[in-house]
Amino acid sequence: MNCRDAETKILASRDAPLGAADEAILAQHLQECPQCQVLTAQLTAAVDSWRARHAQVEVPDPTTEWHAVRRRIRSGEAKTVGGGLPSWSRLLRVALPMTAAFAIAINFWPAPTSPDSPLDGPLLAHRESGWDEMHEHFTYEAHAEFVETEDQEVSPFVYVDEESGWLIVWASEVPETPSI
């Protein structure tokens with residue numbers, strides 16, 4: 380048996396008795412190992428000290444104490460509990476979280492955008508198309524404030540597909556003579 384196993388057995392023997400074989404092996408190890416002897420002595424001293432202090436604790440008689448409490452209540456000597464928190468602290472307990480919630484709501488509230496700004500605001504879809512031939516193919520025409528293409532000679536067209544609901548951006552070259 381090594382010291383680690385002996386330490387485990389020493390600590391376990393305080394909780395429950397060991398078997399005869401384990402106790403014999405532990406006793407033999409304790410005779411040979413001074414470190415485990417010191418551990419056993421320290422543990423025994425700690426338990427004895429705890430028992431001595433536990434025996435010195437005086438527990439008051441519950442009946443006597445109960446009668447003393449009742450006498451204090453009946454005589455009016457019992458101290459009254461204060462009215463609790465001042466009214467301003469009760470107000471702060473409600474107002475502070477509400478103010479924080481309001482500040483968070485204001486922070487996430489969408490800001491109004493002007494219709495002239497090309498980069499602000501979501502893309503908007505309109506129900507009616509201005510072009511009759513486009514109305515045949517697409518039910519909805521999407522309105523985008525700004526579409527950027529690499530080539531300045533192309534004409535972008537943005538719409539929402541009726542079946543899928545996808546927003547589609549289509550860019551084509553502008554003919555010399557427009558058909559519309």
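Just so we're aligned, residue 380 is where the sequence shown starts under this note's numbering, counting upward by one.
Just so you know, even glycine gets a beta-carbon here, dropped at the ideal spot from N, CA and C.
Inter-residue Cα distance where the pair is residue i and residue j
i      : j      : result
ASP394 : ARG472 : 50 Å
ASP499 : MET477 : Because the pLDDT at ASP499 is just 49, under 50, the model does not fix this residue reliably, and the point stays unresolved.
GLN435 : TRP429 : 10 Å
ASN486 : ALA479 : 11 Å
SER367 : GLU527 : The question about residue 367 has no answer here: the residues shown for the chain are numbered 380 through 559.
GLN407 : ALA431 : 30 Å
PRO489 : GLU555 : 42 Å
LEU409 : ASP401 : 12 Å
ALA399 : GLU437 : 39 Å
CYS415 : PRO396 : 18 Å
THR443 : VAL426 : 32 Å
PHE481 : TRP445 : 52 Å
ARG469 : ALA447 : 36 Å
TRP545 : TYR538 : 8 Å
ALA403 : MET380 : 11 Å
SER454 : ALA424 : 49 Å
ILE483 : PRO439 : 56 Å
Cβ neighbours of residue i in the same chain (closer than 8 Å, five flanking residues each side left out)
i      : result
CYS412 : CYS382 and ALA385
Residue i burial status per 10 Å Cβ neighbour count (16 or more: buried)
i      : result
ILE389 : buried
LEU475 : exposed
LEU405 : buried
ARG506 : Residue placement at ARG506 is flagged as unreliable, the pLDDT there being 46, under the threshold of 50; the coordinate-derived value follows with that caveat. By the neighbour-count rule (16 or more Cβ atoms within 10 Å), ARG506 is not buried but exposed.
Own chain residues within Cβ distance below 6 Å of residue i, not counting five before or after
i      : result
PHE536 : TRP549
Other residues of its chain near residue i: CB distance less than 7 Å, five sequence neighbours each side excluded
i      : result
LEU418 : GLU386 and ILE389
ARG449 : none
ASP540 : ILE547
Given residue i as reference, the closest of the options once Cα atoms are compared
i      : options                   : result
GLU552 : ALA420, ASP530 and THR443 : ASP530
LEU422 : ASP401, ALA482 and SER392 : SER392
- Task: Pick out the complete alpha helix (DSSP H) segments inside the region 411 to 441, 4 residues or longer, and give them in chain order.
- Result: 413 to 435
- Message: I'd like the ranges of any alpha helix (DSSP H) spanning at least 4 consecutive residues and lying wholly in the region 380 to 404.
- Response: 382 to 394
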